[in-house]
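Protein chains in written order, with the numbering used here: chain L, 74 to 368; chain E, 74 to 368. Think of the CB as a built atom: it goes at the ideal place given N, C-alpha and C, for glycine as much as any other residue. Take a look at the structure below.
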């Protein structure tokens with residue numbers, strides 16, 4: 074039996090290769106931009122989102138090449154968001170994945186452009202025929218990813234997060250923030266395999282519900298690591314949320330309360346998956362991984 | 074006979090309405106972001122790109138609603154690029170369309186996010202069924218716009234432009250810069266109507282060739298206005314290219330040389346349009362407009 078760690082390593086390796094092929098190689102006058110795009114995307118990260126795409130795709134017999142392209146697209150959006158979130162005008166982060174953040178390795182202008190061009194590339198990849206023979210499926214992927222990334226998703230969540238600095242948010246407001254900032258893109262990742270596999274609406278609804286629990290759990294664990302983690306392991310600056318006065322579930326419930334919430338979310342996610350009427354051990358395991366990870 | 078100015082005003086009005094409907098209204102925690110997206114997009118500009126989409130769409134009997142959606146998408150990308158280009162780390166522009174630039178009206182973080190969310194929205198609009206009943210057409214639009222906006226287009230051109238500051242570029246290098254920075258998006262605008270109308274490849278090739286001449290002419294006229302224009306009329310800071318040591322066709326050929334080049338480009342564009350084998354007065358007129366405009 075293949076362990077989750079081995080499965081994740083296999084997908085991470087395949088995604089690295091896929092991204093390497095999709096990202097332009099440095100040449101000509103845009104070489105610096107191409108280098109920054111590669112720096113921001115290659116050689117790091119758990120590749121959790123592409124793994125979720127692959128896990129969903131497996132349930133619906135989607136060819137591996139299609140899942141890798143959709144996984145690469147969501148990872149390109151994730152990478153762009155990290156580059157922009159790290160900018161001095163945003164979270165002003167010095168390190169990312171244990172290396173200087175993109176704007177420190179290059180410069181601010183290049184980092185802004187690299188994020189912009191990574192976002193364009195994500196949609197270019199999804200819309201290309203190699204992603205799925207049926208253009209209606211490709212359009213559905215573009216629409217869903219654009220919604221997850223935009224003002225009603227990730228960008229909107231980051232705006233709420235910035236506005237919340239130094240203000241007291243209610244639990245409902247924190248949950249809404251996290252649902253948009255982290256949850257939307259994880260939701261797309263969980264559902265993409267079902268879209269590619271043209272799965273029934275009921276299965277898509279289950280995966281969306283699972284993703285909602287997973288997204289919140291992911292963020293709570295992130296917040297716990299920000300408080301209790303080791304910067305050498307996480308590869309990024311820690312204690313920043315508290316320093317910035319950011320509202321988090323951990324801040325509202327305390328460390329023990331947040332851990333209790335993780336257990337509730339895990340139980341809820343497993344109940345959702347029961348409704349699929351088939352065994353989905355990988356999705357159950359990945360939930361446990363997300364809430365027990367140390368980076 | 075309807076004048077070009079009247080035609081442009083009609084399309085500009087329709088696009089303003091379309092953008093107003095597509096852009097989210099300020100509400101909830103993301104209100105500031107939604108306001109910034111609207112500020113950056115509504116109430117200004119010549120709407121040249123949507124006009125080109127509409128002019129192309131008319132040639133191939135494309136329903137007006139489809140042309141407006143594709144026109145809105147390209148305008149969303151254009152608006153996002155202006156917001157990001159104006160940022161302090163990029164061109165550091167104080168004014169745009171006669172108003173404070175987006176990051177001055179709001180703040181840098183909000184401007185970065187507004188640009189990001191506008192880009193997502195452009196692809197969301199194109200991929201939605203309302204843009205065209207055939208999803209293959211919508212995918213083609215997404216692919217073409219993503220390429221025009223990304224590292225092999227607009228973003229790549231902006232990178233070359235930033236790198237060129239204070240350096241001497243050859244004419245070939247300047248032409249390559251302009252082809253990417255301005256030409257790629259104008260090229261999409263000229264071709265979008267033909268994509269929507271599923272026009273023959275030969276017609277698309279003519280429109281691409283026309284767009285290449287138009288894009289360069291547009292940029293030369295922009296550079297001429299930067300040297301000889303009136304800030305009250307252009308609505309943006311002037312003399313910035315020379316101050317930043319930017320390489321332009323005007324810098325290389327002088328004002329008279331650049332005007333001569335505009336006449337050559339106009340003749341070339343008209344020869345291209347002759348190959349369509351039908352009368353296209355609007356496309357000929359819009360070229361003359363672009364090279365004689367004062368803002």
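Practice problem: Give, in chain order, every residue of the stretch 260–273 of chain L whose Cβ lies closer than 9 Å to some Cβ of chain E. | Solution: none
Quiz item: Whose CA, out of E:75, E:139 and E:347, lies closest to the CA of residue 279 (chain E)?
Solution: E:347
Quiz item: Taking residue 182 (chain L) as the reference, which of L:297, L:109, L:138 and L:354 has the closest Cα?
Solution: L:109
Exercise. Output the boundary residues of the alpha helix (DSSP H) element that contains residue 236 (chain L).
Key: 227–237
Quiz item: In whole angstroms, what separates the C-alpha of residue 288 (chain L) from that of residue 249 (chain L)?
Solution: 11 Å
Quiz item: If you measure beta-carbon to beta-carbon, which residues of the stretch 318–343 of chain L are closer than 8 Å to chain E?
Solution: none
Exercise. Return the first residue and the last residue of the alpha helix (DSSP H) that residue 352 (chain E) is part of.
Key: Residue 352 (chain E) -> no alpha helix (DSSP H), and no H or E assigned at all.
Quiz prompt | Alpha carbon of residue 222 (chain L) to alpha carbon of residue 193 (chain E), nearest angstrom | solution = 7 Å
Exercise. Using a Cβ-Cβ cut-off of 8 Å, state whether residue 105 (chain E) counts as contacting chain L.
Key: yes
Quiz item: Going by Cα to Cα distance, which pick from L:243, L:146, L:271 and L:252 is closest to residue 124 (chain L)?
Solution: L:146
Quiz prompt | Buried versus exposed call for residue 328 (chain L) [16 or more other C-beta atoms within 10 Å across all chains shown] | solution = exposed
Quiz prompt | Chain-ordered chain E contacts of residue 108 (chain L) [CB-CB under 7 Å] | solution = Here the premise fails: no neighbours, minimum Cβ distance about 10 Å.
Self-check item: Range of the contiguous alpha helix (DSSP H) that encloses residue 252 (chain E)
Solution: From DSSP, residue 252 (chain E) is part of no alpha helix (DSSP H); its letter is neither H nor E.
Quiz prompt | residue 99 (chain L) - DSSP class collapsed to helix/strand/coil | solution = coil
Quiz item: Just by C-beta distance, which residues in the stretch 192–220 of chain E are closer than 7 Å to chain L?
Solution: 192, 193, 194, 196, 197, 200, 201, 208, 209, 211, 212, 215, 216, 219 and 220
Quiz item: Are the beta-carbon atoms belonging to residue 150 (chain E) and residue 195 (chain E) less than 8 Å from one another?
Solution: yes
Quiz item: Going by beta carbon distance, what residues of the same chain come within less than 7 Å of residue 174 (chain E), once the five residues before and after it are set aside?
Solution: 159, 166, 167 and 168
Practice problem: Answer yes or no: does any C-beta atom of chain L fall closer than 8 Å to that of residue 88 (chain E)? | Solution: no
Quiz item: Nearest CA to the CA of residue 269 (chain L): which residue from L:211, L:356, L:235 and L:226?
Solution: L:211
Quiz item: Hey, out of L:325, L:359 and L:153, whose CA is closest to residue 113 (chain L)'s CA?
Solution: L:153
Quiz prompt | Beta carbon proximity, residue 189 (chain L) to chain E, threshold 8 Å | solution = yes
Quiz item: If we cut at 8 Å on Cβ distances, does residue 289 (chain L) have a partner in chain E?
Solution: no
Exercise. Compare the Cα-Cα distances from residue 225 (chain E) to each of L:254, L:301 and L:186 and report the closest residue.
Key: L:186
Quiz item: Would residue 249 (chain E) count as contacting chain L if we go by Cβ distances under 8 Å?
Solution: yes
Exercise. Taking C-beta pairs closer than 7 Å, name the residues in chain L that residue 235 (chain E) reaches, listed in chain order.
Key: 182
Quiz prompt | CA-to-CA distance, residue 142 (chain L) to residue 334 (chain L), given in whole angstroms | solution = 34 Å
Quiz item: Out of E:326, E:354, E:367 and E:368, which has the shortest C-alpha to C-alpha gap to residue 77 (chain E)?
Solution: E:354
Quiz item: Along the chain, where does the alpha helix (DSSP H) that runs through residue 74 (chain E) open and close?
Solution: Careful: residue 74 (chain E) lies outside any alpha helix (DSSP H) and carries neither H nor E.
Practice problem: Report the neighbours of residue 175 (chain E) on chain L: residues whose CB is nearer than 9 Å to its CB, in chain order. | Solution: Simply none; closest approach about 12 Å.
Quiz item: Using a Cβ-Cβ distance under 8 Å, would residue 97 (chain L) count as near chain E?
Solution: yes
Quiz item: Closest Cβ-Cβ distance between residue 224 (chain L) and chain E: below 8 Å?
Solution: yes
Self-check item: Inter-residue CB distance, residue 364 (chain L) and residue 322 (chain L) (contact presumed, cutoff 8 Å)
Solution: Between residue 322 (chain L) and residue 364 (chain L) the Cβ distance is about 12 Å, and since that is not below 8 Å, they are no contact.
Practice problem: Select from the stretch 154–179 of chain E all residues with a C-beta closer than 7 Å to any C-beta belonging to chain L, and list them in chain order. | Solution: 157, 160, 162 and 163
Quiz item: Does residue 244 (chain L) have its Cβ less than 8 Å from a Cβ in chain E?
Solution: no
Quiz prompt | Coarse secondary structure for residue 208 (chain E), derived from DSSP in three states | solution = helix
Quiz item: How about residue 81 (chain L): is its C-beta nearer than 8 Å to some C-beta of chain E?
Solution: no
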